[in-house]
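**Student:** Residue numbers (the numbering used here): 41 to 179.
By construction, the Cβ of each residue, glycine as well, lies at the ideal position given by its N, Cα and C atoms.
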């Protein structure tokens, strides 16, 4: 997949995530991840796993409400571990969750990006490269 295709897919994933988060809580690892999501235009209710006492605590908090969750942790080893703990905790408390967008992001980013906080710079790089190619064709 070339970078223009990656940018198109990334835009679609961001749109999908924005739509999903209208009625769900977006679960991220830390405050830098929250900022990254905001920079990408995701205006959602977010739960910061580290700040809220870990996966079990945030799952307990969500179990009291009627919202489901979108798990958006990094895809490095620590993020994978947190995602699994979130899945177990949410499932045990009958809180619905989604991990599909996280998987799609990991696929689009390939090995270039391993954490949520790096997504805005990756996105900007793809946009810049796309614009350069368009300028090159228009000359």
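Going by alpha carbons, who is nearest to residue 140 out of 54, 175, 99?
**Tutor:** Residue numbering aside, residue 140 sits at position 100 when the chain shown is read from its first letter. When only C-alpha atoms are compared, the closest one is 54.
**Student:** Which residue wins for smallest C-alpha separation from residue 132, given the options 68, 97, 46?
**Tutor:** Numbered from 1 along the chain shown, position 92 holds the residue referred to as residue 132. That would be 97, whose Cα lies nearest to the Cα of residue 132.
**Student:** Beta carbon of residue 135, beta carbon of residue 103: below 7 angstroms?
**Tutor:** On the chain shown, residue 135 is found 95 positions in, with the first residue counted as 1. On the chain shown, residue 103 is found 63 positions in, with the first residue counted as 1. Yes, the pair counts as a contact, with Cβ atoms nearer than the cut-off.
**Student:** At what residues does the alpha helix (DSSP H) containing residue 141 begin and finish?
**Tutor:** The residue given as residue 141 occupies position 101 in the chain shown. That run of the alpha helix (DSSP H) goes 140 to 149.
**Student:** Sort out for me which residues DSSP pairs residue 111 with in a bridge.
**Tutor:** Walking along the chain shown from the start, residue 111 turns up at place 71. 67.
**Student:** What whole-angstrom Cβ distance do residue 63 and residue 157 have, given they're in contact under 8 angstroms?
**Tutor:** Here residue 63 corresponds to residue number 23 of the chain shown, with the count starting at 1. Here residue 157 corresponds to residue number 117 of the chain shown, with the count starting at 1. Actually they do not touch by this definition, with Cβ atoms about 25 angstroms apart.
**Student:** Which of helix, strand or coil does DSSP assign to residue 98?
**Tutor:** In the chain shown, residue 98 corresponds to position 58, counting from 1. DSSP places residue 98 in helix when its eight states are reduced to three.
**Student:** Here's a check: name, in chain order, each residue in its chain whose Cβ is nearer than 8 angstroms to the Cβ of residue 128, leaving out the five neighbours to either side.
**Tutor:** Stepping through the chain shown from its first residue, residue 128 is reached at position 88. So the list reads 95, once near-sequence residues are dropped.
**Student:** Evaluate residue 46 with the Cβ neighbour count: other Cβ atoms within 10 Å of its Cβ, from every protein chain shown; 16 or more gives buried, anything less gives exposed.
**Tutor:** Here residue 46 refers to the residue found at position 6 when the chain shown is read from its first residue. So residue 46 counts as buried.
**Student:** Relative to the C-alpha of residue 163, which residue among 80, 42, 58 is closest?
**Tutor:** As a first step, residue 163 must be located in the chain shown, where it is residue number 123. Here the closest residue by C-alpha is 80.
**Student:** Starting from residue 86 and walking both ways along the beta strand (DSSP E), at which residues does that stretch end?
**Tutor:** Taking the first residue of the chain shown as 1, we reach residue 86 at position 46. Its beta strand (DSSP E) spans residues 86 to 88.
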